[in-house]
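Have a look at the structure below, then the notes.
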Amino acid sequence: MPGTALSGLTPDQVQQFIDDGFVRIDNAFSSSLARQCRDELWAEIGLSPDEPETWTKPVIRVGSMSSPPFVEAANSPCLHRAYDQLVGEGRWYAPAALGTFPIRFPSRQGLDDDGWHVDVSFGTSNPDFMEWRANVKSSGRALLMLFLFSDIGPDDAPTRIRRGSHAAIARELLPYGEAGATLRQLSADGYASTQACEIDLATGAAGTVYLCHPFLVHAAQPHRGVQPRFLAQPPLKPRGEFDPALPPSPVQVAIRRACGLTF
């Protein structure tokens with residue numbers, strides 16, 4: 039059930055986030071703002087939308103964009119309201135930039151980055167990214183977010199999402215405690231505990247945003263469409279660790295319910 043830009047998330051949408059691990063918000067920012075951001079990204083990568091003969095790579099990555107259009111897109115009033123509803127008022131930092139951008143182009147080449155995974159959130163100073171970590175408290179990450187800066191249909195390399203997979207990952211992280219598990223440990227069995235999950239596709243018009251639980255298992259896929267796909271996949275950063283003195287947020291509720299913890 040998509041959210042809207044006119045109001046906050048409904049109780050049903052918050053429950054969907056807890057159950058499924060994500061919620062979709064249509065018109066989270068305007069199509070004209072999305073176009074401004076695409077124009078900046080075309081300039082950043084030195085290519086043109088009018089010269090498809092130059093689109094020779096299946097994916098080009100841009101690390102981060104912090105110009106005003108990107109900051110505005112990440113901080114629309116409806117998104118701030120949704121961040122409050124899912125993470126808790128005062129418990130997140132307003133994004134000062136967006137990234138990363140895996141810009142995907144129509145291509146018949148195979149991919150080497152389309153495996154199922156979760157986005158780990160701390161220990162990132164280690165040069166071996168497989169040693170980066172996540173823990174059951176989701177230290178360092180309040181949400182995984184998908185910002186659609188172009189129209190993305192089923193053939194346009196939409197991110198694949200394993201619905202409800204966040205619950206299985208929460209249970210797997212619980213025994214590791216505060217130290218957490220590395221990406222190598224989490225992926226050792228190919229995320230077997232989530233293989234039976236239904237798969238959703240992160241499709242939508244430019245200006246759509248998917249707000250996802252930090253433990254949601256997701257994956258890229260090849261681009262079989264016509265126009266390049268522009269998408270950002272930033273984290274929402276928390277202001278601190280979970281505070282037991284505060285009411286649990288929907289992010290926490292999903293973790294605690296998955297782990298069989300009392301409230």
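Take the sequence shown: its letters are residues 39 to 301, numbered as in the numbering used here. The beta carbon of each residue, even a glycine, is placed where N, CA and C say it ideally should be.
Alpha-carbon spacing of residue i relative to residue j, whole angstroms
| i | j | result |
| --- | --- | --- |
| PHE301 | THR232 | Note on PHE301: pLDDT 48, under 50, position unreliable in the model; the coordinate value appears next. Looking at the two C-alpha atoms, the distance is approximately 25 Å. |
| LEU47 | TRP154 | 28 Å |
| GLU207 | GLY59 | Note on residue identity: the sequence assigns Ile, not Glu, to residue 207. Their Cα atoms are separated by approximately 11 Å. |
| GLN54 | ALA240 | 15 Å |
| PRO192 | ALA217 | 38 Å |
| ALA230 | ASP88 | 43 Å |
| LEU124 | VAL52 | 7 Å |
| ALA195 | ALA283 | 42 Å |
| SER69 | ARG76 | 10 Å |
| TRP130 | LEU212 | 23 Å |
| GLY128 | GLY84 | 39 Å |
| TYR121 | SER45 | 13 Å |
| ARG73 | TRP80 | 10 Å |
| ARG119 | PHE67 | 13 Å |
| ARG262 | ALA296 | 36 Å |
| GLY161 | CYS116 | 32 Å |
| ARG294 | SER145 | 42 Å |
| TRP170 | VAL158 | 6 Å |
| PRO286 | ARG179 | 16 Å |
| PRO252 | PRO90 | 35 Å |
| SER177 | GLY278 | 8 Å |
| VAL264 | LEU71 | 22 Å |
| GLY298 | GLU82 | 47 Å |
| ASP227 | SER163 | 25 Å |
DSSP bridge partner residues for residue i (one or two, in chain order)
| i | result |
| --- | --- |
| TYR248 | ARG62, LEU184 |
| THR220 | ARG171 |
| TRP130 | PRO276 |
| GLY242 | ILE190 |
| ARG142 | VAL97, ARG267 |
| ARG200 | ILE237 |
| PHE160 | ARG171 |
| ASN257 | First, the residue type needs correcting, since residue 257 is Ala and not Asn in the sequence shown. For ALA257, which the question treats as bridged, DSSP gives the partners ARG198. |
| LEU136 | MET103 |
Spatial neighbours of residue i in its chain, beta-carbon cut-off 7 Å, leaving aside the 5 residues before and after
| i | result |
| --- | --- |
| SER15 | Given a span of 39 to 301 for the chain in the structure shown, any question on residue 15 remains unanswerable. |
| ARG198 | ILE237, LEU239, HIS256, ALA257, GLN259 |
| MET39 | Low local confidence applies: a pLDDT of 48 at MET39 is under 50, so the model's placement there is unreliable, and no value is given. |
| ARG222 | MET168, GLU169 |
| ASN113 | ALA132, PRO133 |
| ASP166 | none |
Beta-carbon proximity list for residue i, same chain, < 8 Å, skipping 5 on both sides
| i | result |
| --- | --- |
| GLU210 | ALA219, LEU224, SER231 |
| SER105 | GLU78 |
| GLY215 | ASN173, VAL174 |
| PRO266 | PRO87, TRP93, ILE141, ARG142, PHE143, PRO144, SER188 |
6 Å CB neighbourhood of residue i in its chain, flanking five on each side removed
| i | result |
| --- | --- |
| GLY56 | In the sequence under discussion, the amino acid at residue 56 is Ile, which differs from the Gly named in the question. Cβ neighbours of ILE56 beyond the five flanking positions: PRO288, VAL291, ALA292. |
| PHE280 | LYS175, GLN290 |
| PRO140 | VAL97, ARG99 |
| SER102 | ALA135, GLY137 |
| ARG201 | ASP58, CYS235, GLU236, ASP238 |
- prompt: Are there three or more Cβ pairs, one per stretch, closer than 8 Å when the segment 260–275 is compared with the segment 176–187?
  reply: Touching, yes.
- request: Answer yes if the segment 98–111 comes into contact with the segment 127–138, meaning at least three C-beta pairs across the two stretches below 8 Å, and no otherwise.
  value: Enough Cβ pairs lie closer than 8 Å, so yes.
task: Check whether the segment 241–252 touches the segment 62–69, taking contact to mean three or more Cβ pairs, one atom from each stretch, closer than 8 Å.
output: Enough Cβ pairs lie closer than 8 Å, so yes.
field: contact_flag[the segment 93–100, the segment 141–149] where n(CB pairs < 8 Å) is 3 or more
entry: The answer is yes - the segment 141–149 touches the segment 93–100, with three or more Cβ pairs under 8 Å.
- prompt: Which runs of the beta strand (DSSP E), 3 residues or longer, sit entirely within the segment 81–128?
  reply: Listed in chain order, the complete beta strand (DSSP E) runs (minimum 3 residues) inside the segment 81–128 are 97–100.
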